[in-house]
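Okay, structure first, notes after.
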Amino acid sequence: MAERFKVSAASTNASYGTLEDGKVAAPGADDVITITGPSPEPFDSAHSVLGKAEDQKKTNGSVDLPDNQPFAVDENEGLSGYDKNLYLYSEELEERPRVVSLVHSLANYNAIIPSANDHDQKPVRRQTKLGTMLGVFLPCIQNIFGVILFIRLTWIVGTAGALESFMVVLMCCCVTLLTSISMSAIATNGVVPGGGSYFMISRALGPEFGGAVGILFYLGTTFASAMYIIGAIEILLLYIEPRMAISDISDDANKFDNFRLYGTILLLIMATIVFVGVKFVNIFATIALVCVLGSILSVYVGMFVNVHGSDALMTCRLGERLLKEDPVNKSASACTPEHLWPTFCKSPLDLHNRTGCYYYFADHFNETYYERGIAGIASSSFQKNLYSRYPRKNNYVTENGSSVAAKNLGMGEYNQIMADITTSFTVLIGIFFPSVTGIMAGSNRSGDLADAQKSIPVGTICAVLVTSTVYLTGVMFFAATFSPLLLLDKFGDSVGKQLVVAQVAWPHPMVVTIGSLLSTIGAGLQSLTGAPRLLQAIAQDNILPILDPLSVSSKRGEPVRALLVTAFISEVGILIGNLDEITPIITMFFLMCYGFVNLACALQTLLRTPSWRPRFKYYHWMLSFLGLSLCITVMFMTSWYYALVAMVIAFVIYKYIEFRGAEKEWGDGIRGLALSAARFSLLRLEEGPPHTKNWRPQLLLFAKLDSELNIKYPKLITFASQLKAGKGLTMLVTVLEGDFSKTYGEAQAARLSIRKELDHEKVKAFVDVLAAQNVIEAINHFMQTAGMGGLRPNTAVLGWPYGWRHQTDAKAHRVFLESVRNTSANKMALLVPKGINFFPANNEKVVGNIDIWWIVHDGGLLMLLPFLLKQSRTWKGCKMRIFTVAQMEDNSIQIKKDLKTFLYHLRIEAEVDVVEMGHDSDISAYTYERTLMMEQRNQMLQEMRLSRKERNSVVQDIVDKSFKNDSPVRSSKVHFLERVLPEEAAAEPPGISVDLAEDLVPSRSPSPQRKDEKDAAKEAGKDGFKKLLDIKPDKANVRRMHTAVKLNEVIVSKSHDAQLVIVNLPGPPKIQSSKNDSNYMEFLEVLTEGLDRVLMVRGGGREVITIYS
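Take a look at the structure:
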């Protein structure tokens, strides 16, 4: 049965028919060939197939082939699409994973760190991931709002006044807001599996800083648990049930003893709860959150309900001094001279004879005032509370803290209220600052978040803004609602030991009193739960050997040993007893931690490390430095000696981790210090390969010189400078062929010439020139020995050998190919820019697309390079587009989804496209013919030593003869005389001229000179001519050419307007021969045909990019 088909050439758009007497006929577009009989044979028997077709044509007059029948069919029908369409990368796919499988596995990572040493644990059902509200915002709200809001904020307002207390709160909130911005940048710079600030700082600044800050953060969290416990006991004993006290709590010494005793009992109970079940802690956390939010809401509602004041709190004032409330008589009659007489006078009541009375009562006995403590927003309290009145310790509480009435002359306390501590603006900052901590709660839960890189910045910053708004408005409302003297009464002695802020609440004061107690206990439980886990995480990192015993978990996975240590340290804080003395310690530890968070963000921004790609874009190094400056300022403002102690602790831990017994080296001043630092850094770098996050291309750039010892392609230097952006190592080297003793002067001149070019391009690089007899060996030696210690190049940059086709000895591409092989052997990455003269200069700005064709996984180098290029001003305006190749057996929709997810985790913004190649995987006639021509050319060059023009004349004659037909006007549409680029013309050896017009327009009537050359060439190659026509293309070469042609088609169709195309460089042939090497170069030429700017990339065998922080 006759079958019909049209055979089309993919690139030339011509159709090719059968062989006749060793020649290929070229039918027109409408010619149809008919073949009868069995289906065509595989492509390695293409000659015989077409020969049979021609025999049939002679007998039948026509040959028909089916429309869907390819020119050649692969005999391995069971091969996958990757084996058919990506055979050029077959050797790469054996060692490196396919992009499809890699992206799928990385896009579906699990960010949760598994528990240690629990192999028998049953698989846990995957929990629902939390969003921004439940996972970050509400936990931060719960941790920020604390005991200080309820039992100290009113006193801070009364002491500092509305203006200065507003500044106190604003300064503390600015520290946390700036830190939140820096933390958001760090937290979104990869996946944070957990560990909060410790994990982020240790991975950003190294184990020394990370360990020091981790310990400080742990101590701050542990002392915070003591603060919450003392605050809860203060609320319980002073405002809920004073009868529980074992001694009179009106005396400060007895009061703090009660706090220590009950605080220790509460610590034991809470530690037992944490030990027994964390689930209860989580349940109680929800209750505590509801309590704190309900309490704040009731206070705000109550202030507006009591806008005109309330009689719920009435105070008694004698002159300017505030008096304690009579526990028996709480009416207005208790604030009369007659009722106060027994308290201040030893003599019987006689208002006219006050000689036996306390001096201040005797002078002001007629100045007793029974006043509202809750004056209301509509009153004039705000004007009275506008300015500060800082009392000194043991001075009397008055509206004017510096007045004579406030001074204690040592004549007794009586029932007057006295200040228990000396206050100032800086002291109040230290007391209030712990109430704005807790911004790390969201980052600590990063493993439980559905989208941590979105939720952490939004949730944390919103929580800081909401809490800051509540605090700042609370300062204003408290100043406008309460009387000045009541605000100064820290413990509520003037109103019968009542919690001042609770009395304004609606509907009942107990809502705030009980709510504040439960929320404080809940915050303490959270601290006792988180601190041991943080300590265990530090111990498991093995950076502090002394903590190794604490890395052990119980059978239930609980850090029991760390919990015991945490409880012990918390007990130390409880034994301090006084809340106002604990808070400065907590302030120091948290400020140190926040300062290092800002420092980490600022340094990584300024250093521009390749791994620094935060998804959160609203940060700046100046904001981070401002946050760091505020942290240091607040530390020393609060307590300079506590600040020094915290710094000494951090320094000791840092040196303990860093200590390796390194010798000190002293020289001449600054130079000696620089040499010592350089030596120390080089020794540190040599300890091991850099972490994936710290990997950046350290370039070893091989430059070629012209006859005048100038750099032949200066755009290579420009490209290197754009890729490095002034960071990292760049070494520019070149090789002079010859004896060193005879070329020493040329080497020095070449060095000066290269240095001059570097200065012109404003590029900082090390220069080296090597004179050697063998260029290939010299380049290999450079790759092996360049650099010092750990400061070695990891990426080689090779120029493309443009004139490789036009050099008779093929020296250029031999040097190139051996350098490619040596690069792989040295585990170095390789960059090969092609069309380098078309690359932009440093003063140009390119707008368009950078297209990445990701064929095989190379460690992420293809992802990293365009990101680094976009850091320079030249490429900053370009957008990234990433293409990957899928086959028919792949799910293109899922691949695209996985690739988008992968890029999202990498914090790289790029468009994604998946190109399917499986629908047209059959080998075309053009591919077969081009492979045949390539092998004929190789065979010819092995047998003949001809000049370029002679060589091309013979090849063109072969092609024309192969396509000879009955029609005199028909000739081959495939011409071996290719267009010569300017780079190729520049690479032409002396004595060989290049005529572009002659190459582009083949003449039908050759000149006499050309005819003579062709005749001579035919005579010279007469014996090998028949061998050329009898060559059958190798199957593997046809498949490799098929890959190159097909990929080139899709790349040109998709990226013809791209400013730069980045593509995987296929590995060189493992079997080394001049034929294989020449074929490899031809494949690369076909792969990049029609593209102006191409960067071929080959990874060094290691990962250079990571999704983790």
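Take my numbering: the final residue in the sequence shown is number 1172, and no numbers are missing along the way. Glycine residues also receive a C-beta, built at the ideal position from the N, C-alpha and C atoms. Bear in mind that the values here come from a model prediction, so they are computed numbers and not experimental data.
For residue i, which residues in the same chain have their Cβ closer than 7 Å to its Cβ, ignoring the five residues on either side in sequence?
i	result
Ala-841	Val-798, Leu-833, Ala-835
Ser-1136	none
Pro-929	Ile-913, Ile-915, Met-943, Ile-1125
Thr-1190	Since the displayed the chain opens at 64 and closes at 1172, residue 1190 lies outside it and no answer follows.
Thr-937	Gln-785, Pro-903, Asn-905, Glu-907, Lys-908, Val-909
Leu-329	Ile-292, Ala-295, Ile-296
Tyr-433	Met-377, Cys-379, Ala-395, Cys-398
Please report the residue range of the alpha helix (DSSP H) in which residue i lies.
i	result
Ser-590	572-603
Phe-965	955-969
Met-943	Element bounds for Met-943: not the alpha helix (DSSP H) but the beta strand (DSSP E), 941-949.
Asn-1139	1137-1150
Phe-765	First-last for Phe-765: 762-765, but that is the beta strand (DSSP E), not the alpha helix (DSSP H).
Ile-712	703-721
Here's a check: name, in chain order, each residue in its chain whose Cβ is nearer than 6 Å to the Cβ of residue i, leaving out the five neighbours to either side.
i	result
Lys-727	For Lys-727, the predicted model reports a pLDDT of 31, less than 50, meaning its position is unreliable and no value from the coordinates is stated.
Phe-879	Pro-864
Trp-758	Val-1167
Tyr-534	Val-232
Leu-376	Gly-436, Ile-437, Val-558, Gln-566
Gly-283	Ile-649, Phe-652, Phe-653
Leu-861	Phe-765, Ser-882, Val-895
Val-364	Trp-569
Can you give me the start and stop residues for the beta strand (DSSP E) that residue i sits inside?
i	result
Ala-859	858-860
Val-798	793-800
Glu-434	431-437
Arg-384	384-386
Pro-896	892-897
Ser-426	Note that residue 426 is Asp in the sequence shown here, rather than Ser. Careful: Asp-426 lies outside any beta strand (DSSP E), inside the alpha helix (DSSP H) at 422-427.
Within the same chain, show all residues whose beta-carbon is closer than 8 Å to that of residue i, passing over the 5 residues directly before and after it, in chain order.
i	result
Ser-245	Val-660, Asn-661, Ala-663, Cys-664, Ala-665, Tyr-682, Leu-686, Ser-687, Gly-690
Leu-772	Glu-809, Ala-812, Ala-813, Ser-816
Asn-416	Ser-410
Gly-382	Tyr-423, Asp-426, His-427, Glu-430, Ala-468
Leu-241	Asn-661, Leu-686, Ser-687, Leu-689, Gly-690, Leu-693
Please report the Cβ distance between residue i and residue j, rounded to the nearest whole angstrom; I am assuming they are in contact, meaning their Cβ atoms lie under 8 Å.
i	j	result
Asn-1100	Glu-972	So it is not a contact: roughly 40 Å between Cβ atoms.
Ala-482	Asn-458	5 Å
Gly-209	Ile-637	Incorrect: roughly 16 Å between the Cβ atoms, too far for contact.
Phe-540	Cys-235	Actually they do not touch by this definition, with Cβ atoms about 18 Å apart.
Taking all protein chains shown into account, do 16 or more other C-beta atoms lie within 10 angstroms of the C-beta of residue i, making it buried, or fewer, making it exposed?
i	result
Tyr-704	exposed
Leu-1154	buried
Ala-391	Before going on, a small fix: residue 391 reads as Val here, not Ala. Exposed, by the Cβ-count rule.
Ala-441	exposed
Ile-1134	exposed
Arg-452	buried
Val-467	exposed
Phe-407	buried
Gln-811	exposed
Glu-1145	buried
Val-596	A small fix is needed here, since residue 596 is Arg in this sequence, not Val. Answer is buried; the Cβ neighbour count reaches 16.
Lys-897	buried
Arg-1156	buried
Gly-419	exposed
Met-846	buried
Val-499	buried
Could you tell me whether the segment 570-587 touches the segment 192-200, using the rule of 3 or more Cβ pairs below 8 Å? With the cut-off at 8 Å, the segment 570-587 and the segment 192-200 do not touch.
Under 8 Å, with one C-beta from each stretch per pair, do the segment 276-291 and the segment 642-652 reach the 3-pair mark? By the Cβ criterion, the segment 276-291 is in contact with the segment 642-652, since at least three pairs of Cβ atoms, one from each stretch, lie closer than 8 Å.
For the pair the segment 1131-1148 and the segment 762-781, tell me if three or more CB-CB distances fall below 8 Å. Because the criterion of three Cβ pairs below 8 Å is not met, the segment 1131-1148 and the segment 762-781 do not touch.
Quick one: any contact between the segment 339-346 and the segment 300-309, if contact means 3 or more CB pairs under 8 Å? No contact exists between the segment 339-346 and the segment 300-309.
Spell out a yes or no on whether the segment 519-528 and the segment 347-361 are touching, meaning 3 or more CB-CB pairs, one atom from each, closer than 8 Å. They do not touch, by the three-pair rule.
At least 3 beta-carbon pairs within less than 8 Å: the segment 588-606 vs the segment 284-297: Yes: at least three Cβ pairs fall under 8 Å.
Can you confirm whether the segment 309-319 touches the segment 614-631 when touching is taken to mean that 3 or more C-beta pairs between the two stretches lie within less than 8 Å? Taking a cut-off of 8 Å for Cβ pairs, the segment 614-631 and the segment 309-319 do not touch, as fewer than three such pairs fall below it.
For the 8 Å Cβ check, are there 3 or more pairs between the segment 356-371 and the segment 668-678? Cβ pair count under 8 Å is below three, so no.
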